[in-house]
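Have a look at the structure below, then the notes.
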Amino acid sequence: MSTSGTRVLPLGRIGESVLRADGRPKVRGEFAYASDLGADRMLWGATLRSPHPSARIRGIDITRALTLSGVHAVLTHADVPGRTTYGMEISDQPVLAIDRVRYEGEPVAIVAADHPETARRAIERIVVDYLPEDPLTDPERAIMPGAPRLHPGGNLLRRVTIRHGDPGATAEVVVRGEYAVGMQDQAFLGPEAALAVPAEDGGIDLHVATQWLHVDQGQVAACLGLPPSLTRLHLSGVGGAFGGREDLSMQVHVAMLALHTGRPVKMVYSREESFFGHVHRHPARMEYEHGADRDGRLVYVRARVVLDGGAYASSSTAVVANAATFACGPYDVPNAEVEAIVTYTNNPPCGAMRGFGAVQVAFGHESQMDRLAAELALDPIEIRLRNALATGMRLPTGQLVDGPAPVRELLEGLRDMPLPPDVVPVDPREFPGGVSNSTHGEGTRRGVGVAVGFKNIAFAEGFDDYSTARVRISRDDGGPLVEIHTAAAEVGQGLETVLAQIARTELSLERVRVLPADTQVGSAGSTSASRQTWMTGGAVQLACARLRERLHEAIDGPIEETAVYRHRPTQALDPDTGQGDSLVALAFAAHRAVCDVDVELGIVRAVEIATTQDVGRVMNPLALEGQIHGGIAQGLGLALMEEIQMEEGRVRNASFTDYLMPTVLDMPQVRMRISETPHPHAPYGLNGVGEMPTIASTPAIVAAVRDASGRPLTRVPLRPSDIAGV
Amino acid sequence: MVRRQGPRRRILPLLEATLQPRDLADALAARGAHPTALPLAGGTDLMVEINFDRRRPERILDLSRIAELAGWDREGDELVIGAGVTHARLEGEMGGLAPGLGMAARTIGSPQIRNRGTIGGNIATSSPAGDALPPLVAAGARVELASATASRSVPISEFCTGPKRNVMAPDELITAVRVPVAQGPQQFAKVGPRNAMVIAVCSLSVHLDAVARTVRTAIGSAAPTIVRATEAEAFMEGVLDERGAWERPGPLPASALARFGELVAAAARPIDDVRGSAAYRRHALAVLGRRTLSWCWQEHRA
Ligand SMILES: Cc1cc2nc3c(=O)[nH]c(=O)nc-3n(C[C@H](O)[C@H](O)[C@H](O)COP(=O)(O)OP(=O)(O)OC[C@H]3O[C@@H](n4cnc5c(N)ncnc54)[C@H](O)[C@@H]3O)c2cc1C
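Protein chains in written order, with numbering that gives the first Met the number 0: chain A, 0 to 725; chain B, 0 to 301.
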């Protein structure tokens, strides 16, 4: 920020584009990520992973690894001090494989050595006697008779059925479709890393890049057989998360090695290993049937969604509930029948990723709305307007939409935005193919597509979701100083900045410091579900409000308040009918994509994405824009290129050479129109924003490519061969 | 107790075993003395291999400071391009002398990669997806190899013998590549699902020589090595001769362009892999064949 005498300094309050404190160090390479940490006498950890997607383990021989000079520990499942499995919802995942492996890359043994190279060499000297079995890789075959059982309870992880209205409803116009979504990766740039330091009290200090310190703490403590009070977690620099750090990766491993050796131990996954070290977005297969009247008003939606959960449960049971809840889209649907299932397979475990179940079904319901529009010769925006969800209507789960639901306004806003000019590019990079020089306009057609999506904010289905903030005011030579202490994970989204803005706004004080997040303060819940500004922001606001009352007292020493913020309670879904008030709140965004498509080569260049999003209240315009750009980039990635390609349970492209993400030349101009309909249940009337840009951007881009190519395109990511029809 | 570490990594022990010759003679001597030392130019291929643990060289022979490798010059009708010339320089400096090579360089990686990556490294890696290779094959370039005791010159199409395989001996270095100066329009096009920073799913060079009246092609990423589509070349040379097109350059019939594209596709020997199917590669080559030849011809007529 400039300190020139004439400029009035912004106050750093909410509503201002306050610059983030970590921005500059990150750009300059000075920010300390978890992978940059070190300690005296530190050892390096490494992980032996299964080469097989499915195998029995008949024995593990560690002798040749132990005898390697420089090796300090070689541990297997037999060395796990506490509970031998972990998991956020279901404790089904072994800390280290016990008698079998269920996916390629599953951790089998761990090593600590005085040098990372030594640790890697030791890993190669461990002999595992595997008996490979045929992997079960088809999520539907997984629940057919005769399929091998991957877990004692069978392969069906969860089935969610929603019955709403008349199951026998019929309609004049019917469209059907089958759609598929490939396995997307969070592909955060900072690979998994942690440093564990054994403490004199027999406990452990674990510095780790994660999304939810306390849920890690509970699982790590149980597996280490330590009380949580001796299992202290500290958030270290997180290089992106997007859901991929909700589950444990190396947390227990690195702590086991540190406790065993009595020395600090650090682990950093390589890029390749990172692809095996975290869960991915669930691949989906979807069957849809939409019935409507001649005016295009929906009569019914029938949907069946199959998610591939992979080898372990992770957050699958919650993702599948979301997929079912949002399967019909942000529309007024009088009659709905939805079945969504998630099953175990020998594919990599799938779990949380930005959009959490809403992304997959948005591709389904929006593709269907376009089919319906085509069938009735209606404009794609018009068909959506005729069915737009609004406040006062009910979701297929029976829940009353009592917060803002400005679907109509978002679509009308989109319709009013001008289209980009259709001119022949002067810069050759603006043709499809960019720098590849594959067309000078030959075979190139422009297409336009729209989509609208929605998702819930915070956790659902009766989960007691809360956040804690401790705020303290003290005084030093510089005047009053506000310190905010929470366990909320800043993962790059700018949470620390917005918490400081809230404190300045509430207390009218300028000097605010956000302390490092750790488990010395109560849980803040997860940095996911677009919830942290609402939840931890709410807790900071509460604590500040209490402090404000005390500011009038004549106080000498520091004053401090700890506040817990809870959103309104939610209910479980009825297991038979899927009815229930399961959600806290909804948020919406609409997208219009304009794409130039080389229909002969099947190459796409997105020209512009226009988006309308309602955010309740703009807390920080710059940070908001960043979320929208980034979310759209991730949606574009799913539409056009991002996929972990699997073959017989094996990952074929565990590198950024072949797992492609959009570059700056793939990312189009973004035109946005933000509206602020205050959310009655949230602090400042704000709403969550992080996930919405990722949801409808994918179907909007696909719709644009369909418009240009005339092809049905029922699977994402689109491959050039699909678009070219080869 | 916990602190931020300096920028150390396992590159460090490697650097301790790095030979840093000051000039080419030193480099060739070091190469002869340490045949297991791996030459390093820009490091954009080698460091990836090391980071992925696919290679663990005992020593590195750093060529990045050798002035003799870092320049290019014109000798009569040939360009002599030092092995250490970066893609960024090829992109900016080839102009009309070797436009196809400049265009290919433009498609490589990102600005950072083009600033470090060299033509010598691209040739030595000998990947069928090496983007500098098709224009060199189409131009009939020669690779200059030297050891402490001898030197030789090998046609680029004989240099690469398979995917990542070539005829370079353990005591040899690539010093330069000799490229005939362009005698007509050249084009390079590649196909990948991303608009930048993408390994070619397939690529194609087409060069016209208005003096010798030849058409030359080279296909990348669709066979174990770079291959020429000789039937396509002969077909198009025939079309041009028959129509007297070199003297009176008129528009080319769409059917001839289409046939040329088909023959280009037929010359490929693609496989199905994670980047694309064999069928798509053939299809895309036919499209690229049509387009690149028509661009060359338009330029020739202009
Ligand atoms: C992100 C990224 C994107 C990339 N994109 C592309 C792309 O689009 N197209 C493409 O073709 N390539 C691409 N590459 C690969 C690479 O950049 C090029 O092949 C580059 O030309 C390699 O040159 P270098 O100088 O970096 O080689 P180095 O990595 O230094 O060396 C490569 C190999 O050549 C040997 N070598 C180098 N110089 C000599 C010499 N003078 N004599 C003998 N042997 C030698 C080395 O020992 C080594 O085996 C990419 C790489 C990365 C990391």
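Cβ coordinates follow ideal geometry from the N, Cα and C atoms, glycine included.
CB A:Ser16 to CB A:Glu271, shorter than 9 Å?
-> no
For B:Gln186, which residues does DSSP report across the bridge?
-> B:Val205
Along the region 631-660 of chain A, what residues have a CB closer than 8 Å to any CB found in chain B?
-> Leu639, Met640, Gln644, Arg651, Asn652, Ser654, Thr656, Asp657 and Leu659
Roughly how many angstroms separate the alpha carbons of A:Val126 and B:Gly70, rounded to a whole number?
-> 51 Å
Cβ shell of A:Ser708 (< 6 Å), same chain only, five flanking positions each side left out = Val596, Val598 and Ile722
If you check the beta carbons only, do A:Ile161 and A:Ala323 fall under 9 Å apart?
-> yes
Answer yes or no: does any C-beta atom of chain A fall closer than 9 Å to that of B:Ala278?
-> yes
Give the interface partners of B:Asp76 over in chain A, defined as CB-CB distance under 7 Å, in chain order.
-> Those within 7 Å of B:Asp76 in chain A number zero; the least Cβ separation is about 26 Å.
If you count every other CB in all the chains shown that lies within 10 Å of the CB of B:Gly94, and 16 or more means buried, which is it?
-> exposed
State the start and end residues of the unbroken alpha helix (DSSP H) segment that holds B:Met235.
-> Thr229 to Glu241
Residues sharing a beta bridge with B:Ile155, DSSP = According to DSSP, B:Ile155 bridges with nothing at all.
Quickly, what does DSSP pair A:Thr54 with across the bridge? List them, please.
-> Here residue 54 of chain A is Ala; the residue named in the question, Thr, does not match the sequence. For A:Ala54, which the question treats as bridged, DSSP gives the partners A:Val100 and A:Pro131.
Taking A:Ala544 as the reference, which of A:His590, A:Arg471, A:Asp184 and A:Val513 has the closest Cα?
-> A:Arg471
What's the C-alpha gap between A:Val603 and A:Thr713?
-> 16 Å
For chain B, find out if any of its Cβ atoms is closer than 9 Å to the Cβ of A:Ser696; answer yes or no.
-> no
Using a Cβ-Cβ cut-off of 9 Å, state whether B:Arg9 counts as contacting chain A.
-> Per-residue confidence for B:Arg9 stands at a pLDDT of 47, beneath the threshold of 50, marking its modelled position as unreliable; the derived number appears in the next sentence. Chain A, which has a Cβ nearer than 9 Å to the Cβ of B:Arg9, makes this yes.
CA-CA distance, B:Ala266 and B:Val200?
-> 16 Å
Beta-ladder partner(s) of A:Ser366, from DSSP = Paired residues: none, contrary to the question.
Could you say if the region 301-320 of chain A and the region 333-353 of chain A meet the contact criterion of at least three C-beta pairs nearer than 8 Å?
-> yes
Euclidean distance between Cα positions of B:Pro192 and A:Leu717 = 9 Å
Which chain B residues are close to A:Ile13, counting only those with a beta carbon under 7 Å from its beta carbon?
-> Going along chain B, no residue has its Cβ under 7 Å from A:Ile13, so there is no contact; the nearest lies around 32 Å.
For a contact meaning CB atoms closer than 7 Å, what does A:Leu664 contact in chain B?
-> Asn194 and Ala195
B:Ala40 beta carbon near ligand 1 (any heavy atom closer than 8 Å) | yes
Which bits of chain A does B:Thr106 rub up against, with CB to CB less than 7 Å?
-> Val434, Ser435 and Asn436
May I ask you to verify whether the region 219-229 of chain A touches the region 273-288 of chain A, counting CB pairs closer than 8 Å and requiring at least 3?
-> no
Going by the C-beta, is B:Val47 closer than 8 Å to any heavy atom of ligand 1?
-> yes
From the DSSP output, which residues share a beta bridge with B:Leu23?
-> BP columns for B:Leu23 are empty, so no partner.
Quick one: is B:Asp52 near chain A, going by C-beta distance under 9 Å?
-> yes
Starting from B:Ala255, find everything on chain A with Cβ-Cβ shorter than 9 Å and list it in chain order.
-> None at all; the shortest Cβ gap to chain A is about 16 Å.
If you pair each beta-carbon of the region 428-446 of chain A with each one of the region 398-417 of chain A, do three or more pairs fall below 8 Å?
-> no
For A:Gly37 and chain B, any beta-carbon pair shorter than 9 Å?
-> yes
Residues of chain B with CB under 8 Å from A:Ser720, in chain order?
-> Gly275, Ser276, Ala278, Tyr279 and His282
So is B:Val286 buried or exposed if we call it buried at 16+ other beta carbons inside 10 Å?
-> buried
At a cut-off of 8 Å, is B:Ser126 close to ligand 1 when judged by its beta-carbon and the heavy atoms of the ligand?
-> yes
Grab the span of the alpha helix (DSSP H) containing A:Tyr564 for me, first residue to last.
-> Element bounds for A:Tyr564: not the alpha helix (DSSP H) but the beta strand (DSSP E), Ile558 to Arg565.
Using 8 Å as the threshold, is the region 573-583 of chain A in touch with the region 390-407 of chain A, meaning 3 or more CB pairs across them?
-> yes
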